[in-house]
Amino acid sequence: MLKAFLALGVAASVFAGAANSQGMGPEDARHLLNRTGFDAQLREIDEFAKLSRREGVERLLAGVRTEARTPLPAWAKEWTDPRDIRRMSQDERQAFVRLQIERGLELKAWWLSEMLGTPSPFTERMTLFWHNHFTSSLQKVRSPPLMLRQNVLLRKHALGNFGELLHAVSKDPAMLVYLDSATNRRGQPNENFARELMELFTLGEGRYGEQDIKEAARAFTGWSIDLDNGEFLFRPRQHDDGVKTVLGRTVRNGTEVLDLLLAQPATAEYLSARLWREFVSPQPQPEELKRVAAAWRSSGYDVRAAMRALLLTPAFWAPENRAALIKSPTDLVVGTLRQLGIAVNDPLPFAFLLAHLGQNLFAPPNVKGWPGGEAWINSTTLLARKQFVERLLRADETRMVMNKNIDSLKPGARRLVQAMADLQFSGRDWLAPFEGREKMLPLVLLAAAPAGSPAGSGVDFLRALVADPVYQLK
Amino acid sequence: MKRRDFLAASVAALFSDSLLAQSSGYRRLLVLVELEGGNDGLNTVVPYADDVYHRLRPRIGIRADDVLRLDARTGLHPALKPLLPLWEARELAIVQGVGYPNPNLSHFRSIEIWDTASRSDQYLPEGWLARAFAAHPVPPQFAAGGVAVGGADIGPLAGGGTRTIALTDPEVFLRQARLANPVGKGRNNALDHILRVEAGIVEAAARLGAGVRFQTEFPRGPFGSAVRVAAQLAANPSGVAAIRLSLGGFDTHQNQPNIHQRLLGELAAGLAALKSALMEAKRWDSTLVMTYAEFGRRPQENNSNGTDHGTASAHFVAGGRVKGGLYGEAPRLAELEGGNLRHAVDFRSLYATALERWWGFSAAKALNGRFEPLDLLRA
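In the order they appear, the protein sequences are chains A and B. Numbering-wise (our numbering), the first sequence opens with residue -12 and increments by one. Numbering-wise (our numbering), the second sequence opens with residue -14 and increments by one.
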């Protein structure tokens, strides 16, 4: 009996050891890469398949960037004093507005370039996660340079320290405009920032009272923008230095409010739940979630610690959570372009496509961000998604059709059509690495077994796979 | 059974769904218009004779001389002029003071309360129309239960297994519908949802014919286009039960006067065009149009020439069978609660009006309770 028990123990440990040295295998590798990035190339899958899950997660974390690879647009540091805008003649103002619109488009194209080309898609997924958490919108901020600076800030801290990020975002000029901090003055508080700070950025709904918002708003009075350079400026004369009580504690200023919110366990739990829904499954498991939140808090809010804990929960790897999340428009568009290895010279058309699919970059619908999940998919967006994928796979045919009537178009439209026409995809070349490894094709393209029975060979099979409903899942 | 209970049961049976459904049902169309961001009811339906109003809004208030007077104390924002013919034809009901107890001032939470018809402290997963369609299914020969035109979310139609379609242009929809691929079985909520949408596309495409052409000129811009699509859907013989349109941008914290004027102008022109097109299609008498929003705005203007989030607000109900006039209660600006208006009419009473008086079935399941419908429809 004892012998048998020992043998069993040995067998178990040998198996565990073998799993470790043989690595996580291609299915897990595909899952990890897709869930944290946009795609999973065959060679990456082969590489990660050899690593253990922990090694795989460490490899991702080690590759994280703090700066974009794509050079910033030339106007990144420009600032126009709003008082100068008011003094402009009507023609000047129109020209100014046109320029802002153009730069707004450049901004979106710039981020798409980065997502399409980055060696660390995980960094961009996290930056996008923060963009959807600390939302600001070009529609209200109206300054592409400020929105760009915010994006640079989000990337810098994307896998840094959440406390530092929260403090920095609260003084970020785009945020100050977006949530009206700039008009939050002593005696005339504007509650917008204080409310969203608690409801959406830290505690989550229902963990504070209306009075806490009113008092916190007073604490942030005077947090403003320097009209000379567009930087954060504290205006002492607009600051209410009376006593404020937030969550039962006395605070003097906004900085203390932020620290107080960071000290609440609710903040780590709320943030962990948001990360869970982004990376693991629609329904967080309370026990495991608590562990992630605890790991995060005890690390002093190191985002890497949170992501390490999250990606190593059994739930992340559980079979029932594979293909349980719906791809965002960015996942689908950037992911498909990357997966198919399509070179994109001008990403602007895809910025428009994302907007049409419900994810207009730099312009979330409201301060709560994109609701995501099932809300991504309705009949309009599902058909547009399918049409996009279908067109890519027919890139060679559509090219000829488009070139025929391109000259009759206005310059703006011509640019879009041209950009689409420049796309090239050869199914045969793309499929070459799968020769002798045909079984890997569904694994690479679909997060789980197809819902239908895609059939055919070569490019037809490829088309059938991406037309399957499971292609919308990750 | 006690006699009183017996009587109650008989009365209930008398007004049961089957009886009422015979008289009307889903051949009557409901068009909901969401005023996204929280419309300023006080500058829409203006209590122009109230001194308190002008005191609270010295800069952004609408001057008594500028309003379109409806009676001695109530007037419309001048941008709503295109609605005057409806008012004069007594086809426009204005319900003042619509809200709910313990109002929530967050956009997301409050619109969720409106969309799901929940209490302020209650979280419901489905939209109120989705629940209504689940309890009282839309006839299978209909092209869809509800159609959300434009906009990325589907609000009151969200959730449940109902046949909901979102589209921007019916012709484009028909061309693309061949890409739908409703194959296989669901395994989790995400896949279930996708398969439901795939199947809905195939069904709707089979029933929606070519678009209808109207003499009516629709206003330019996204709201005008959405109104045109609504009119086309209404004119389609296979039928839909409800259409949701939305007009965004009402969150006027800053520089309200210009923005609000433009938005109300778009709204009024759109609704006037809707009536004109539905008259052409002979559907105006079988259509009920209702506006809604997450909240109104604070009576006291803010420091940025705008208004912050408020509570109760005024809403429009229009249609060929509407009994025009003022309903609800004029704003009591001298009796604010925490700086905001108290509500006089629960928003679920508006929904009950649509469900019980318009469609003719009990609203209990969709609204999770009993709310008194408003008496604003002709027989």
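Idealized CB from N, CA, C, for every residue including glycine.
Cβ of residue i within 8 Å of any chain A Cβ
i: B/Asp(-10); result: Interpretation of B/Asp(-10) is limited by its pLDDT of 46, a score under 50 that renders its predicted location unreliable; the figure taken from the coordinates is listed afterwards. B/Asp(-10) does not count as touching chain A.
i: B/Leu176; result: yes
i: B/Leu180; result: yes
i: B/Glu183; result: yes
i: B/Val18; result: no
i: B/Asp293; result: yes
i: B/Ser105; result: no
i: B/Ser334; result: no
i: B/Leu5; result: Unreliable placement is indicated for B/Leu5, whose pLDDT of 36 sits below 50; the coordinate value is still reported in the next sentence. So, not an interface residue.
Where residue i meets chain B, residues with beta-carbon distance less than 8 Å
i: A/Leu370; result: Phe158, Gln161, Ala162, Leu164, Ala165 and Ile186
i: A/Pro358; result: Asp138
i: A/Gly439; result: Asn166, Val168 and Gly169
i: A/Lys397; result: Within 8 Å Cβ-Cβ: nothing; A/Lys397 doesn't reach chain B, min ~18 Å.
i: A/Pro269; result: Asn174 and Ala175
Neighbourhood of residue i by C-beta, 7 Å cutoff - its chain only, sequence neighbours within 5 removed
i: B/Pro110; result: Gly144
i: A/Asn7; result: Note on A/Asn7: pLDDT 47, under 50, position unreliable in the model; no value is reported.
i: A/Glu192; result: Glu186
i: A/Thr57; result: Trp97, Ser100, Glu101 and Gly104
i: B/Gln200; result: Glu265
i: A/Lys37; result: Gly10
i: B/Leu248; result: Leu232, Gly234 and Phe235
Min CB distance residue i to chain B below 8 Å
i: A/Val446; result: no
i: A/Leu205; result: Note that residue 205 of chain A corresponds to Arg in the displayed sequence, not to Leu. Not closer than 8 Å to any Cβ of chain B, the Cβ of A/Arg205 fails to qualify, so no.
i: A/Lys373; result: yes
i: A/Leu103; result: no
i: A/Gln459; result: yes
i: A/Ala362; result: yes
i: A/Arg182; result: yes
i: A/Glu265; result: no
i: A/Glu377; result: yes
Partners in chain A for residue i, counting only beta-carbon separations shorter than 7 Å
i: B/Leu152; result: Ser366 and Thr367
Short Cβ contact (8 Å threshold) for residue i with residue j
i: B/Asn325; j: B/Arg363; result: no
i: B/Val123; j: B/Tyr11; result: yes
i: A/Leu29; j: A/Met427; result: yes
i: A/Pro487; j: A/Gly24; result: The structure shown has nothing for residue 487 of chain A, since chain A only spans -12 to 461.
i: B/Gln239; j: B/Asn173; result: no
i: B/Gly234; j: B/Glu21; result: yes
i: A/Leu460; j: A/Ala310; result: yes
i: A/Val457; j: A/Ala438; result: yes
i: A/Ala49; j: A/Phe35; result: no
i: A/Phe180; j: A/Leu166; result: yes
Contact list for residue i against chain A, beta-carbon separation under 9 Å
i: B/Phe93; result: Glu186, Leu187, Glu192, Asn353, Val354, Lys355 and Pro358
Beta-carbon neighbours of residue i, restricted to chain B and to distances below 7 Å
i: A/Pro69; result: Result: empty, since nearest Cβ-Cβ is about 12 Å, beyond 7 Å.
DSSP bridge partner residues for residue i (one or two, in chain order)
i: B/Ala303; result: B/Leu77 and B/Val274
i: A/Ala305; result: None; A/Ala305 has no bridge partner.
i: A/Phe219; result: A/Ile212
i: A/Arg112; result: A/Arg112 is not bridged to any residue.
i: B/Asp331; result: B/Gly84
i: A/Ile329; result: None; A/Ile329 has no bridge partner.
i: A/Val233; result: A/Arg236
i: A/Asn148; result: A/Asp289
Within chain A, the residues that residue i reaches when beta carbons sit closer than 8 Å
i: B/Asp100; result: Neighbours of B/Asp100 on chain A: none; closest Cβ ~12 Å, over 8 Å.
i: B/Asn173; result: Glu307, Ala310 and Ala311
i: B/Ser289; result: Asp167, Thr170 and Asn177
Same chain, Cβ closer than 8 Å to residue i, five either side skipped, listed in chain order
i: B/Val212; result: Phe203, Pro204, Leu230, Gly255, Leu256, Ala258, Leu259 and Ala262
i: A/Met387; result: Because the pLDDT of A/Met387 is 49, which lies under 50, any placement of that residue in the model is unreliable, and the question is left without a value.
i: B/Leu77; result: Leu68, Leu71, Phe301, Val302, Ala303, Val307 and Gly309
i: B/Arg209; result: The amino acid at residue 209 of chain B is misidentified as Arg; the sequence shows Gly. Excluding sequence neighbours, B/Gly209 sits near Phe203, Glu251, Ala254, Gly255 and Ala258.
Neighbouring residues, chain B, relative to residue i (Cβ below 9 Å)
i: A/Asp455; result: Asn166, Val168 and Gly169
i: A/Glu256; result: The contacting residues do not exist; A/Glu256 stays about 18 Å from chain B at best.
Cβ shell of residue i (< 6 Å), same chain only, five flanking positions each side left out
i: A/Val156; result: Phe121 and Met162
Residues within the region 210 to 237 of chain B neighbouring chain C, beta-carbon criterion of under 7 Å: Checking the listed chains, one finds no chain C in this structure; the protein chains it contains are A and B.
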